[in-house]
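The next block holds one structure in the form of structure tokens; read it before the comments.
Protein chains: 2
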Amino acid sequence: MNATLKDVAERAGVSRSAVSRTFTDGASVSEKMRRKVEKAASELGYSPNLLARSLTTRRTKMIGLISNNFHNPIFLTVFDRFTDALQQRGLRPLLVNLSDETDPQESVRMMRDYSVDGVIVASSTLPPGFSKAFRDHGMPVVHTFGQFSSAPSVHVVGIDNVECGRMAARSLIARGYTNLGFMGGPEAATSTQDRLAGFTQEIENHPHITLSISYAAAYSFDAGRAEMLRLATGNMAQAYFCGDDVLSIGALSALKDQGLRVPADVGIIGLNDMEMAGWENINLTTIHQPIRQIINSSVELIVAMLDEPDRYPEARIFPCEIVERGTLGPEIGVK
Amino acid sequence: MNATLKDVAERAGVSRSAVSRTFTDGASVSEKMRRKVEKAASELGYSPNLLARSLTTRRTKMIGLISNNFHNPIFLTVFDRFTDALQQRGLRPLLVNLSDETDPQESVRMMRDYSVDGVIVASSTLPPGFSKAFRDHGMPVVHTFGQFSSAPSVHVVGIDNVECGRMAARSLIARGYTNLGFMGGPEAATSTQDRLAGFTQEIENHPHITLSISYAAAYSFDAGRAEMLRLATGNMAQAYFCGDDVLSIGALSALKDQGLRVPADVGIIGLNDMEMAGWENINLTTIHQPIRQIINSSVELIVAMLDEPDRYPEARIFPCEIVERGTLGPEIGVK
DNA sequence: GATCTTTTTGCAACCGGTTGCAAAATGGTT
DNA sequence: AACCATTTTGCAACCGGTTGCAAAAAGATC
Numbered sequence: 544m545n546a547t548l549k550d551v552a553e554r555a556g557v558s559r560s561a562v563s564r565t566f567t568d569g570a571s572v573s574e575k576m577r578r579k580v581e582k583a584a585s586e587l588g589y590s591p592n593l594l595a596r597s598l599t600t601r602r603t604k605m606i607g608l609i610s611n612n613f614h615n616p617i618f619l620t621v622f623d624r625f626t627d628a629l630q631q632r633g634l635r636p637l638l639v640n641l642s643d644e645t646d647p648q649e650s651v652r653m654m655r656d657y658s659v660d661g662v663i664v665a666s667s668t669l670p671p672g673f674s675k676a677f678r679d680h681g682m683p684v685v686h687t688f689g690q691f692s693s694a695p696s697v698h699v700v701g702i703d704n705v706e707c708g709r710m711a712a713r714s715l716i717a718r719g720y721t722n723l724g725f726m727g728g729p730e731a732a733t734s735t736q737d738r739l740a741g742f743t744q745e746i747e748n749h750p751h752i753t754l755s756i757s758y759a760a761a762y763s764f765d766a767g768r769a770e771m772l773r774l775a776t777g778n779m780a781q782a783y784f785c786g787d788d789v790l791s792i793g794a795l796s797a798l799k800d801q802g803l804r805v806p807a808d809v810g811i812i813g814l815n816d817m818e819m820a821g822w823e824n825i826n827l828t829t830i831h832q833p834i835r836q837i838i839n840s841s842v843e844l845i846v847a848m849l850d851e852p853d854r855y856p857e858a859r860i861f862p863c864e865i866v867e868r869g870t871l872g873p874e875i876g877v878k
Numbered sequence: 544m545n546a547t548l549k550d551v552a553e554r555a556g557v558s559r560s561a562v563s564r565t566f567t568d569g570a571s572v573s574e575k576m577r578r579k580v581e582k583a584a585s586e587l588g589y590s591p592n593l594l595a596r597s598l599t600t601r602r603t604k605m606i607g608l609i610s611n612n613f614h615n616p617i618f619l620t621v622f623d624r625f626t627d628a629l630q631q632r633g634l635r636p637l638l639v640n641l642s643d644e645t646d647p648q649e650s651v652r653m654m655r656d657y658s659v660d661g662v663i664v665a666s667s668t669l670p671p672g673f674s675k676a677f678r679d680h681g682m683p684v685v686h687t688f689g690q691f692s693s694a695p696s697v698h699v700v701g702i703d704n705v706e707c708g709r710m711a712a713r714s715l716i717a718r719g720y721t722n723l724g725f726m727g728g729p730e731a732a733t734s735t736q737d738r739l740a741g742f743t744q745e746i747e748n749h750p751h752i753t754l755s756i757s758y759a760a761a762y763s764f765d766a767g768r769a770e771m772l773r774l775a776t777g778n779m780a781q782a783y784f785c786g787d788d789v790l791s792i793g794a795l796s797a798l799k800d801q802g803l804r805v806p807a808d809v810g811i812i813g814l815n816d817m818e819m820a821g822w823e824n825i826n827l828t829t830i831h832q833p834i835r836q837i838i839n840s841s842v843e844l845i846v847a848m849l850d851e852p853d854r855y856p857e858a859r860i861f862p863c864e865i866v867e868r869g870t871l872g873p874e875i876g877v878k
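Chains L and S supply the protein sequences, listed in that same order.
The first sequence maps to residues 544 to 878 in the numbering used here.
The second sequence maps to residues 544 to 878 in the numbering used here.
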């Protein structure tokens, strides 16, 4: 149906190689030949079949984009940026929705079957071993939002979740809260574990501060709301560090339901600074994560690996900062 | 690097065809042969290269998923369902982010370059001509959330936006509002035009009802908020039909900012019934669109077209219904 | 114009698979 | 055991491209 190389060659009265060279950058073709071929090609509406080409070039220009966070609105932004950044570099994302799957084997096979040039794992919950599986099968891989480690087994781009935990604790303590709560995402998520670790670490420096710990079942509004409703039936902390903005927003909804005022009765600090956190009817104090930079950096990294597959793994960590809005009391003794 | 057909054939001591047949459903291979081949294959970790296969079978099992709504949270749900439904059928979505592009040519070329088996256009703003371009190039296409027409040029799955407009008008009128506002999405979007058409149509049956019309620049929170802030500087309507939930939520935020109470001072009705609309701090009265069914139906349709490319175009329209929450006054005279 | 160098072109093999066809193997009958 | 029908297998061509190599063409030099 579509015109092929051969059709163009016949029409232009030249060899197939000549046509191929016309459509390959950096190949040797005379101006005259190029014009002849391009004329025939445009008459036939020809453009080369990338998949056939990929057989010999070993480049499909497809990047596997693997995620399991299809319920957290921040990931719409993530997909937007990723697709956009990839497209600008002539790459196409092949999307994989992992849902609750945590075994990489099937995804690895899928990516191999399609000969993707590289894989981006966009998830803050999957362990490093997940992304490593791709590397073990010879695929370039970048784990975006992955667990920071000083000896990463694959490229990691994201934030230092442990430091964010500390930052949240410091901030709450500075505001005079003495009775703190941690409401994490799924307990098994690396981001939950790291944020808790930092949070706890900082609190241990302050013997008078108490800490209670709980987990939401997922990084979703419903899970955050459900967990906070449960907490509200018992003794509550004065302020909670929630694992993520969408959990925080769920928690806010639960608190409102229970007739508790924020920040007067309970303080909340989130993490991410998703667009919604700034909406007037939410106005969440949170830790800003520089999503855009993280994603650009991830794409640059995967692109670099296309030319240098054995590039030594690195961790690219971006600093976060607290965004003051309306869900925490003021700092005490400042100024 | 990866094992190929030839490697497996050599190891098993059989012909390449035999190996190929072992991995092709419905091909004729003896049990003995199959076992021999499968043993060699698993020893080598072989699985067939789908792209090479696609060259002869003309099936890549890739579906182009094209959208331009990367700022409306409902589309995260849309992507979730689409990827999931496609994966369950052994298909993979190749994602295209259109951003503000409205010319199909580049997307068409892209999809041809990758030889996708079919294309799903998921957008309520793109005109029918956009999706038709794919059909004109011989690709199966389904336009999800596309413009309903009684003589569709491509398969359309979605809702009847005109009827939704009427429904919104009827509902507002039944509640005794006489001074109505339409705050649409982008003026050029087919969904905006259709919703307005229905809204106007119904109002024209009621001479005492007045209507004012305005448009937000995009289907996004920010655009909805900005437009409502603008409206609040002039004479306001008693109740607004907003083009979409996310616009409505933006509008709610603007109203709150202006010290206006909802529904006491201004009524709002949205469209979509996204998850967020049910959150306690939003609690939006809206028109429910059966997203899940629409997407399942879209996927079924594209799958059917793989076997029957010239299937006669049809429009599959799903009914919507009003979900009563807290942003409109009660109906008047109803019991 | 002859000779040498450089550029352009085509041939043919290859990338990793599938498939029509005919030959070989198998199985069933008598 | 001979014959025939059926199933299984391998050969070779093909899918739509790329590319190393050598031949042909073009350009440079004298």
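Don't be surprised by glycine CBs; every beta carbon is placed ideally from N, CA and C.
message = Could you check whether the Cβ of Gly-876 (chain S) sits closer than 9 Å to any Cβ belonging to chain L?
response = For the purposes of this step, residue 876 (chain S) is taken as residue 333 along the second sequence, with counting starting at 1. Confidence at Gly-876 (chain S) is low in this model, with a pLDDT of 49, below 50, so the placement of that residue should be treated as unreliable; the coordinate-derived value is given next. It does not; no Cβ of chain L falls within 9 Å.
task = Starting from the C-beta of Ser-791 (chain S), find all residues in its chain whose C-beta is less than 6 Å away, skip the five residues before and the five after it, and write them out in chain order.
result = Start at 1 with the first residue of the second sequence, and residue 791 (chain S) comes out as number 248. Around Ser-791 (chain S): Cys-785, Ile-811, Gly-813, Leu-827.
request  = Just grab the DSSP bridge partners of Leu-798 (chain L) for me.
outcome  = Mapped onto the first sequence, residue 798 (chain L) falls at position 255. Note: Leu-798 (chain L) sits in no beta bridge, so no partner.
task = Give the straight-line distance between the Cα atoms of Pro-833 (chain L) and Cys-863 (chain L), rounded to the nearest whole angstrom.
result = Against the first sequence, residue 833 (chain L) aligns to sequence position 290. Against the first sequence, residue 863 (chain L) aligns to sequence position 320. Looking at the two C-alpha atoms, the distance is approximately 7 Å.
request  = Establish whether the CB of Gln-832 (chain S) and some CB of chain L are separated by less than 9 Å.
outcome  = In the second sequence, the residue the question calls residue 832 (chain S) occupies position 289. Answer no: the Cβ-Cβ gap between Gln-832 (chain S) and chain L never drops below 9 Å.
key: Separation of Ser-610 (chain S) from Ser-642 (chain S), as counted between CA atoms   = Position 99 of the second sequence, counted from the first residue, corresponds to residue 642 (chain S). Position 67 of the second sequence, counted from the first residue, corresponds to residue 610 (chain S). Approximately 8 Å, taken between the alpha carbons.
key: Ranges of the beta strand (DSSP E) found wholly within the segment 720-762 of chain S, counting only runs of at least 3   = 722-727, 753-758
message = Quick check on this structure: which residue in L:Gln-648, L:Asp-703, L:Ala-694, L:Gly-661 has the alpha carbon closest to the alpha carbon of Ala-676 (chain L)?
response = Taking the first sequence and counting its residues from 1, the one referred to as residue 676 (chain L) is at position 133. Measuring from the Cα of Ala-676 (chain L), the nearest candidate turns out to be L:Gln-648.
query = If you compare alpha carbons, which of S:Ile-663, S:Ala-694, S:Ser-696 is closest to Ser-687 (chain S)?
reply = To locate residue 687 (chain S), count along the second sequence from 1; it is residue 144. In the sequence under discussion, the amino acid at residue 687 (chain S) is Thr, which differs from the Ser named in the question. The shortest Cα separation from Thr-687 (chain S) among S:Ile-663, S:Ala-694, S:Ser-696 belongs to S:Ile-663.
task = Report whether the distance from the Cβ of Gln-630 (chain S) to the nearest heavy atom of the ligand HEM is below 8 Å.
result = The model on display carries no ligand, and the ligand HEM is accordingly not part of it.
query = Helix, strand or coil: which one does DSSP assign to Val-572 (chain L)?
reply = Position 29 of the first sequence, counting from 1, holds the residue named residue 572 (chain L). In the structure shown, Val-572 (chain L) sits in coil (DSSP, three-state: anything other than H, G, I, E or B).
inquiry  = Can you look up Gly-708 (chain L) in the DSSP assignment and give me helix, strand or coil?
reply    = Residue 708 (chain L) sits at position 165 when you count from the first residue of the first sequence. Helix.
query = In or out: Lys-575 (chain L) buried (at least 16 other Cβ within 10 Å) or exposed?
reply = Taking the first sequence and counting its residues from 1, one reaches residue 575 (chain L) at position 32. Lys-575 (chain L) is exposed by the Cβ-count criterion.
Whole-number beta carbon distance between Thr-645 (chain L) and Leu-669 (chain L), since they are thought to touch under 8 Å = In the first sequence, the residue the question calls residue 669 (chain L) occupies position 126. In the first sequence, the residue the question calls residue 645 (chain L) occupies position 102. Their Cβ separation, rounded to whole angstroms, is 7 Å, which keeps Leu-669 (chain L) and Thr-645 (chain L) in contact under 8 Å.
Of the listed residues S:Arg-635, S:Asp-788, S:Arg-678, S:Arg-624, nearest to Ser-763 (chain S) (C-alpha basis) = As a working mapping, residue 763 (chain S) is identified with position 220 in the second sequence. Of the listed residues, the one whose Cα sits closest to Ser-763 (chain S) is S:Asp-788.
request  = Return no unless some Cβ of chain L is closer than 9 Å to the Cβ of Leu-608 (chain S).
outcome  = Sequence index remark: in the second sequence, residue 608 (chain S) carries index 65 (1-based). Interface residue, yes.
ask   = Closest Cβ-Cβ distance between Asp-787 (chain L) and chain S: below 9 Å?
value = As a position in the first sequence, residue 787 (chain L) is number 244, starting the count at 1. No, Asp-787 (chain L) does not count as interfacial toward chain S.
task = State the Cα-Cα distance for the pair Ser-734 (chain L) and Asn-748 (chain L), rounded to the nearest angstrom.
result = In the first sequence, the residue the question calls residue 734 (chain L) occupies position 191. In the first sequence, the residue the question calls residue 748 (chain L) occupies position 205. The alpha-carbon atoms of Ser-734 (chain L) and Asn-748 (chain L) are separated by roughly 22 Å.
task = Identify which residue in S:Glu-823, S:Asn-815, S:Ala-807 has its Cα closest to the Cα of Ser-796 (chain L).
result = Position 253 of the first sequence, counted from the start, is the residue given in the question as residue 796 (chain L). Cα-wise, what sits closest to Ser-796 (chain L) is S:Glu-823.
ask   = Any chance the segment 707-718 of chain S sits against the segment 736-745 of chain S, with 3 or more Cβ pairs inside 8 Å?
value = yes
ask   = Rounded to a whole number of angstroms, what is the C-alpha to C-alpha distance between Asp-808 (chain S) and Gln-781 (chain S)?
value = As a working note, residue 808 (chain S) is residue 265 in the second sequence. As a working note, residue 781 (chain S) is residue 238 in the second sequence. Going by the C-alpha atoms only, they are around 7 Å apart.
inquiry  = With a threshold of 9 Å between beta-carbons, can Ala-552 (chain L) be considered close to chain S, or not?
reply    = Position 9 of the first sequence, counted from the first residue, corresponds to residue 552 (chain L). No, its Cβ sits nowhere closer than 9 Å to a Cβ of chain S.
task = Examine the Cβ distances between the segment 685-701 of chain S and the segment 837-846 of chain S and report whether three or more of them are shorter than 8 Å.
result = yes
message = Out of S:Arg-559, S:Leu-871, S:Ala-552, which one is the CA nearest neighbour of Arg-718 (chain S)?
response = On the second sequence, position 175 is the one that residue 718 (chain S) refers to. Looking at the Cα atoms, S:Leu-871 is the closest of the given residues.
message = Cβ closer than 9 Å: which chain L residues qualify as neighbours of Leu-548 (chain S)?
response = The residue you call residue 548 (chain S) lines up with position 5 of the second sequence. Per Cβ cutoff of 9 Å: no residues; Leu-548 (chain S) is ~13 Å from chain L at best.
query = Got a sec: is the Cβ-Cβ distance from Val-842 (chain S) to anything in chain L below 9 Å?
reply = For the purposes of this step, residue 842 (chain S) is identified with residue 299 of the second sequence, where counting begins at 1. Answer no: the Cβ-Cβ gap between Val-842 (chain S) and chain L never drops below 9 Å.
key: Other residues of its chain near Pro-671 (chain S): CB distance less than 6 Å, five sequence neighbours each side excluded   = Walking along the second sequence from the start, residue 671 (chain S) turns up at place 128. Contacts found: Gln-690, Ser-696.
task = Leaving aside the five residues before and after Ser-674 (chain S) along the sequence, list all residues of the same chain whose C-beta is less than 6 Å from its C-beta, in chain order.
result = Looking up residue 674 (chain S) in the second sequence gives position 131. Answer for Ser-674 (chain S): Val-664, Val-684, His-686, Val-697, listed in chain order.
ask   = So, is Ala-694 (chain L) buried or exposed, given that buried needs 16 or more other C-beta atoms within 10 angstroms?
value = Reading the first sequence from its first residue, position 151 is the one you call residue 694 (chain L). Per the 10 Å Cβ criterion, exposed.
request  = Would you identify the three-state DSSP class for Phe-625 (chain L), choosing helix, strand or coil?
outcome  = For the purposes of this step, residue 625 (chain L) is identified with residue 82 of the first sequence, where counting begins at 1. If DSSP states are grouped into helix, strand and coil, Phe-625 (chain L) belongs with the helices.
inquiry  = If I measure Cβ to Cβ from His-614 (chain L) and keep anything under 6 Å in the same chain, skipping five residues before and after, which residues do I get?
reply    = Looking up residue 614 (chain L) in the first sequence gives position 71. Around His-614 (chain L): Ser-763.
query = Helix or strand or just coil, what does DSSP make of Thr-880 (chain S)?
reply = A query on residue 880 (chain S) cannot be resolved here, the shown segment of chain S reaching from 544 to 878 and no further.
ask   = Under a three-way DSSP split, which group does Ile-825 (chain S) fall into?
value = Locating residue 825 (chain S) in the second sequence gives position 282, counting from the first residue. In this structure, Ile-825 (chain S) counts as coil in the three-state DSSP scheme.
task = State buried or exposed for Tyr-589 (chain L), treating a residue as buried only when at least 16 other CB atoms are found within 10 Å of its CB.
result = Here the question's residue 589 (chain L) lines up with position 46 in the first sequence. Looking at its Cβ environment, which holds 16 or more other Cβ atoms inside 10 Å, Tyr-589 (chain L) is buried.
inquiry  = For a contact defined as C-beta to C-beta under 8 Å, what are the partners of Met-563 (chain L) on chain S?
reply    = In the first sequence, counting from the first residue as 1, residue 563 (chain L) sits at position 20. Checking the sequence shown, residue 563 (chain L) turns out to be Ser, not Met. The premise fails here: Ser-563 (chain L) is roughly 15 Å from chain S at the closest Cβ pair, so nothing lies under 8 Å.
ask   = Do you know how far the Cα of Val-551 (chain L) is from the Cα of Lys-582 (chain L)?
value = In the first sequence, counting from the first residue as 1, residue 582 (chain L) sits at position 39. In the first sequence, counting from the first residue as 1, residue 551 (chain L) sits at position 8. Computed Cα separation, rounded: 9 Å.
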